[in-house]
Amino acid sequence: MDKQPVALPPSACPQPESDFGKRAFMRMVSHELRTPLNSIIGFAEVLTHELYGPLGAPQYTEYAGIIRDSGKKLLSLFNDVLELVRLESEPGLLRPEVEALLPHIHDAVRRHTPAAQARGVHILPGLTDSELSAHFDPRGLCLCLDHLISNAIDFTPEGRDVEITVRPEGDHVDIAVFNPGKAPDPADIPRLMRPFEQGASDYNRSREGAGLGWPVVRLAAEAMGGTFSVQSDPRHGLKATVRLRRR
Numbered sequence: 006m007d008k009q010p011v012a013l014p015p016s017a018c019p020q021p022e023s024d025f026g027k028r029a030f031m032r033m034v035s036h037e038l039r040t041p042l043n044s045i046i047g048f049a050e051v052l053t054h055e056l057y058g059p060l061g062a063p064q065y066t067e068y069a070g071i072i073r074d075s076g077k078k079l080l081s082l083f084n085d086v087l088e089l090v091r092l093e094s095e096p097g098l099l100r101p102e103v104e105a106l107l108p109h110i111h112d113a114v115r116r117h118t119p120a121a122q123a124r125g126v127h128i129l130p131g132l133t134d135s136e137l138s139a140h141f142d143p144r145g146l147c148l149c150l151d152h153l154i155s156n157a158i159d160f161t162p163e164g165r166d167v168e169i170t171v172r173p174e175g176d177h178v179d180i181a182v183f184n185p186g187k188a189p190d191p192a193d194i195p196r197l198m199r200p201f202e203q204g205a206s207d208y209n210r211s212r213e214g215a216g217l218g219w220p221v222v223r224l225a226a227e228a229m230g231g232t233f234s235v236q237s238d239p240r241h242g243l244k245a246t247v248r249l250r251r252r
């Protein structure tokens, strides 16, 4: 009598080598890179504010500020890479539920108001319906809003407005972030949705980026059962929209 194959429980099944590699990478970035980098940023903050007394030459304070800002930029890059790997390798990472949108929109605006004010830009949130809800994971929505609002601030000319609109569209809710000013050619949008892609050289930006913002937003939106799309007019501006299910 032929023996029937025995099904192994999921925990006993060998995992693809690529999965082990991704997990090892995430552990390395999470601890071995971010921990010392946080220390560098923290001590640079102490030096910048001269908490334990004056540093002497004013150049030292300036250099400490450069170290702090460079560390923050590098930490942001590590966090984006980590989120990208997590979203790609862990389909169940986000757990969407139906929640009200208004508190999350207002929280995002508060987080980015100082950066907007520093650039002479205003953020105009267009949601007043406290009852409007959608199907999302709070951390996933935070990822989307932070990247889109930050990008919009970077590309908005001084004195202009970043507009956030939230509208119900049938069984969905569209959260759109619009920034005036220069925008990429519409033909470039599919390419820019891929990781590490950069805009054309004549598409000026206030700061350099690694090209991870839109890919992270796209993966997070899809993990919540939604979509991400971009409408671009090189002369007038760009509108980035996350569409979420209402139920």
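For the sequence shown, position 105 (counting from the first letter as 1) is numbered 110 according to my numbering, and the numbering increases by one without interruption. Backbone N, C-alpha and C fix where the C-beta goes; we use that ideal spot for every residue, glycine too.
Counterpart residues of residue 104 in DSSP-defined beta bridges: Here residue 104 corresponds to residue number 99 of the sequence shown, with the count starting at 1. Answer is 139, bridged to residue 104.
Inter-residue spacing [alpha-carbon to alpha-carbon] between residue 120 and residue 175: Indexing the sequence shown from 1 puts residue 120 at position 115. Indexing the sequence shown from 1 puts residue 175 at position 170. One C-alpha to the other measures close to 34 Å.
Residue environment, residue 201, which counts as buried when at least 16 other CB atoms sit within 10 Å: Residue 201 sits at position 196 when you count from the first residue of the sequence shown. By the Cβ neighbour-count rule, residue 201 is exposed, with fewer than 16 other Cβ atoms within 10 Å of its own.
Check whether residue 124 and residue 163 have beta carbons under 9 Å apart: Counted from its first residue, the sequence shown places residue 124 at position 119. Counted from its first residue, the sequence shown places residue 163 at position 158. In this structure, residue 163 lies closer than 9 Å to residue 124 by Cβ.
Check whether residue 149 and residue 112 have beta carbons under 9 Å apart: Taking the first residue of the sequence shown as 1, we reach residue 149 at position 144. Taking the first residue of the sequence shown as 1, we reach residue 112 at position 107. No, they are not a contact pair.
Sequence-distant residues of the same chain with beta carbon closer than 6 Å to residue 135, five excluded per side: Here residue 135 corresponds to residue number 130 of the sequence shown, with the count starting at 1. These residues qualify, in order along the chain: 107.
Buried or exposed by the 16-neighbour rule on C-beta atoms within 10 Å, applied to residue 44: Position 39 of the sequence shown, counted from the start, is the residue given in the question as residue 44. With fewer than 16 other beta carbons inside 10 angstroms of its own, residue 44 counts as exposed.
Sequence-distant residues of its chain with Cβ nearer than 7 Å to residue 177 (five each side left out): As a position in the sequence shown, residue 177 is number 172, starting the count at 1. Closer than 7 Å at Cβ, skipping near neighbours: 248, 249, 250 and 251.
Start and end residues, alpha helix (DSSP H) containing residue 39: Here the question's residue 39 lines up with position 34 in the sequence shown. 39-53 is the extent of the alpha helix (DSSP H) around residue 39.
Integer Cβ distance of residue 245 from residue 99, believed to fall under 8 Å: For this step, residue 245 is matched to residue 240 along the sequence shown. For this step, residue 99 is matched to residue 94 along the sequence shown. Going by Cβ atoms, the distance from residue 245 to residue 99 rounds to 19 Å, so no, they are not a contact pair.
Pick from 160, 31 and 225 that is closest to residue 185, judged by C-alpha positions: Locating residue 185 in the sequence shown gives position 180, where the first residue counts as 1. Residue nearest to residue 185 within the set 160, 31 and 225 is 160 (criterion: CA-CA distance).
Euclidean distance between Cα positions of residue 206 and residue 191: Start at 1 with the first residue of the sequence shown, and residue 206 comes out as number 201. Start at 1 with the first residue of the sequence shown, and residue 191 comes out as number 186. Confidence at residue 206 is low in this model, with a pLDDT of 48, below 50, so its placement is unreliable and the value that follows should be read with caution. Each residue's alpha carbon lies about 15 Å from the other.
Per DSSP, the bridge partner or partners of residue 244: Counting from one through the sequence shown, the residue named residue 244 turns up at place 239. 183 and 236.
Inter-residue Cα distance where the pair is residue 60 and residue 129: Residue 60 sits at position 55 when you count from the first residue of the sequence shown. Residue 129 sits at position 124 when you count from the first residue of the sequence shown. Near 41 Å, if we compare the C-alpha coordinates of residue 129 and residue 60.
Local Cβ density within 10 Å of residue 53, reported as buried at 16 or more and exposed below that: Counting from 1 along the sequence shown, the entry for residue 53 is found at position 48. Counting Cβ neighbours within 10 Å, residue 53 comes out buried, since at least 16 surround it.
Residue range of the unbroken alpha helix (DSSP H) whose run includes residue 224: Position 219 of the sequence shown, counted from the start, is the residue given in the question as residue 224. Taken as a continuous stretch (DSSP letters only), the alpha helix (DSSP H) holding residue 224 covers 218-228.
Whole-angstrom C-beta distance between residue 137 and residue 173, which should lie under 8 Å: Position 168 of the sequence shown, counting from 1, holds the residue named residue 173. Position 132 of the sequence shown, counting from 1, holds the residue named residue 137. Yes, residue 173 and residue 137 are in contact; Cβ-Cβ is about 7 Å, under 8 Å.
Per-residue DSSP class, three states only, for residue 170: For the purposes of this step, residue 170 is taken as residue 165 along the sequence shown, with counting starting at 1. Residue state, collapsed to three classes: strand.
Three-state class that DSSP yields for residue 250 in the structure shown: To locate residue 250, count along the sequence shown from 1; it is residue 245. In the structure shown, residue 250 sits in a strand (DSSP, three-state: E or B).
Close beta carbons around residue 144, own chain, < 8 Å, minus the five adjacent residues each side: Here residue 144 is taken as the residue at index 139 of the sequence shown, counted from 1. Closer than 8 Å at the Cβ level, and outside the excluded window around residue 144, lie 99.
Beta carbon of residue 157 nearer than 9 Å to that of residue 167: As a working mapping, residue 157 is identified with position 152 in the sequence shown. As a working mapping, residue 167 is identified with position 162 in the sequence shown. One thing to note: residue 157 has its Cβ within 9 Å of the Cβ of residue 167.
Cβ pair residue 87, residue 35 closer than 9 Å: Position 82 of the sequence shown holds residue 87. Position 30 of the sequence shown holds residue 35. Yes. Within cutoff.
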